[in-house]
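Numbered per the working numbering, the sequence shown spans residues 2 to 416.
Beta carbons are placed, not taken as given, at the ideal position from N, Cα and C, and that holds for glycine.
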Amino acid sequence: MKPPLLLIGHGTHDETGVAEFGRFVHRLRCRLDGLPAEVSGGFITNARPPLGQSIASLVARGHHHLVALPLSLTGDRRALGDIPGTMALEQERHPTLEYDLGRPLGPDPRVLRLLAERLADARAEMPRFVSDEPPAEITPGETAVVLVGHGSADPAVNAEVHRVSRLFWETHAADLLTVETAYVSHTRPGVPGGLERCRRLGAKRVIVLPYVLFAGAVLERIWAQALAYGANHEGLDIRCAEVIGDCEGLADVVIDRYEEALAGAGHSPAPVTVPAVTRAPAAPGRPSVVVPVAVPAIGTARPDVAVIETLDADALDVETFDAESFDAESFDAEVLSPEAFGAEVFGTESFGTESFDAEAFDAESFDAEPFDGRTEAAPETDTMIGATGHAKAVTEIRGGSPDGPLTQPGVASAV
């Protein structure tokens, strides 16, 4: 029997999100029943069952090795909490517990395909937020997407969502006008700011695409912000896609993360240390040494940190160098000389020129025009490539957006 899979959710006060999380856990139980492997789930905060209770239940049933997998599209530790720290506390309560920590789910290509399916469903729907009659003949080149992430206080996490937007545009929405990035909270632009960018770029239809796993309070906030913006822009066809949700495609990604963590064979939290290796000497008395580096195994508490151990001379298979006992005469090396290279000694005669006479030098006879900085060619002014791919200068895209001025005015596309 394989180790159980423990799905970790952040937790929410919204019952809709908790219920969808529970349905997804049940789906995975059915999928992994044939392995066999048990599946459990727990929340870090704000919802039941808490993570500690789920772990205690697994240990009570005789499981002392499990795979912990955060149900998250990004590696936002601020949102998910300190999972390695939480698991360390559980190991103190259950000394026999070992675990492997799986990677977040995004941006897996299969997750992008699920987003493309949600986008296609939204494009096929009737307008939701504006008029009752669909606008006529809106082409893909007049259709834009706003991919909306949670938003984080960590700039690296926000940049990860930004990268997903670009990947999605190039792989699944290349025929559309643009794919912009927006966030629900913590950073800009918000949903209204993303919609405004699309409108200024010439979009007649904008589809809001949540980069969210399950329905709940976050999805409701996205829809509410889009609805508020659409109320003041009735000529713009605004639609909102569904979340990724409980589906077989998402289960496929989770199962692969589970198998990947098991294949890593790195039980928490001990790193894998590469021992010191003494290579064959490149010259007599001069061995080459590889410094040992601790490489954390897949699923350890800090998979992004490599620890370099202090070099211990005693651990090396070489003798300590003693300056007093060193005999230079016994060192077998010839004196380096030009003749060893088969070349003559370098001298000024080899140039065949007369020696330079400073007194004979006449500066007035030197034929050179004085340098004039004004005669230099002015640097070329390049234009920015707009979101549609045509070279044109764009100067008023970001300024004046509902989210306020951004740090880089004049950039047309967020991706």
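Across which residues does DSSP place residue i in a beta bridge pair?
i	result
Tyr184	Gly150
Asp83	Partner(s): none; Asp83 has no beta bridge.
Thr17	For Thr17, which the question treats as bridged, DSSP gives no partner whatsoever.
Ile239	Val207
Just to confirm before moving on: does the CB-CB distance between residue i and residue j stay below 8 angstroms?
i	j	result
Tyr184	Gly231	no
Ala69	Ile9	yes
Glu21	Asp247	yes
Val158	Thr75	yes
Gly23	Asn47	no
Leu113	Leu168	yes
Ile56	Glu99	no
Leu418	Ala262	Since the first residue of the chain shown is 2 and the last is 416, residue 418 is not available in this structure.
His187	Ala137	no
Leu214	Leu52	no
Leu178	Gly203	yes
Ile208	Ala123	yes
Arg111	Gly250	yes
Val254	Asp77	no
Just how far apart, CA to CA, sit residue i and residue j?
i	j	result
Val60	Gly142	56 angstroms
Ala298	Gly18	Low per-residue confidence applies at Ala298: pLDDT is 42, beneath 50, and the placement is therefore not dependable, though the value from the model is reported in the following sentence. About 32 angstroms.
Pro4	Leu196	46 angstroms
Leu120	Ala242	6 angstroms
Ala252	Ile239	30 angstroms
Ile256	Gly191	33 angstroms
Val244	Leu116	8 angstroms
His27	Glu221	25 angstroms
Thr436	Gly35	Outside the modelled stretch of the chain, which goes from 2 to 416, sits residue 436, for which no answer is possible.
Pro37	Leu7	14 angstroms
Arg49	His14	10 angstroms
Glu16	Tyr212	20 angstroms
Ser58	Arg30	16 angstroms
Pro193	Glu161	21 angstroms
Pro226	Asp83	What sits at residue 226 in the sequence shown is Gln, not Pro. Computed Cα separation, rounded: 30 angstroms.
Leu210	Phe44	25 angstroms
Pro85	His95	15 angstroms
Met2	Glu93	25 angstroms
Glu260	Leu67	12 angstroms
Phe25	Ile139	37 angstroms
Glu235	Ile223	18 angstroms
Ala201	Asn233	The amino acid at residue 201 is misidentified as Ala; the sequence shows Arg. Their Cα atoms are separated by approximately 15 angstroms.
Asp176	Gly42	40 angstroms
Gln54	Arg62	13 angstroms
Put residue i into one of helix, strand or coil per three-state DSSP.
i	result
Tyr100	strand
Leu168	helix
Phe44	strand
Val244	coil
Thr75	coil
Pro193	helix
Val209	strand
His66	strand
Gly142	helix
Gly10	strand
Asp253	helix
Asp176	coil
Arg124	helix
Pro5	coil
Pro37	coil
Gly51	Residue identity check: residue 51 is Pro in the sequence provided, not Gly. DSSP places Pro51 in strand when its eight states are reduced to three.
Ala229	helix
Pro110	helix
Ala57	helix
Pro156	helix
His95	coil
Pro23	What sits at residue 23 in the sequence shown is Gly, not Pro. In the structure shown, Gly23 sits in a helix (DSSP, three-state: H, G or I).
His234	coil
Leu263	helix
Ala1	This structure cannot speak to residue 1, because the chain is shown only from 2 to 416.
Ala216	coil
Leu202	coil
Ala117	helix
Which whole-angstrom value is the C-beta distance of residue i and residue j, which I expect to be below 8 angstroms?
i	j	result
Arg104	Arg258	6 angstroms
His1	Thr87	Residue 1 lies beyond the residue range present for the chain, which begins at 2 and ends at 416; the question has no answer from this structure.
Val146	Ala125	Going by Cβ atoms, the distance from Val146 to Ala125 rounds to 15 angstroms, so no, they are not a contact pair.
Glu181	Cys199	6 angstroms
Can you determine whether any heavy atom of the ligand FMN sits closer than 7 angstroms to the C-beta of residue i, and answer yes or no?
i	result
Leu178	Within the structure as shown, the ligand FMN is missing, as the structure has no ligands at all.
Using a Cβ cut-off of 8 angstroms (strictly closer), state whether residue i contacts chain D.
i	result
Gly203	The structure shown contains no chain D, having only a single protein chain.
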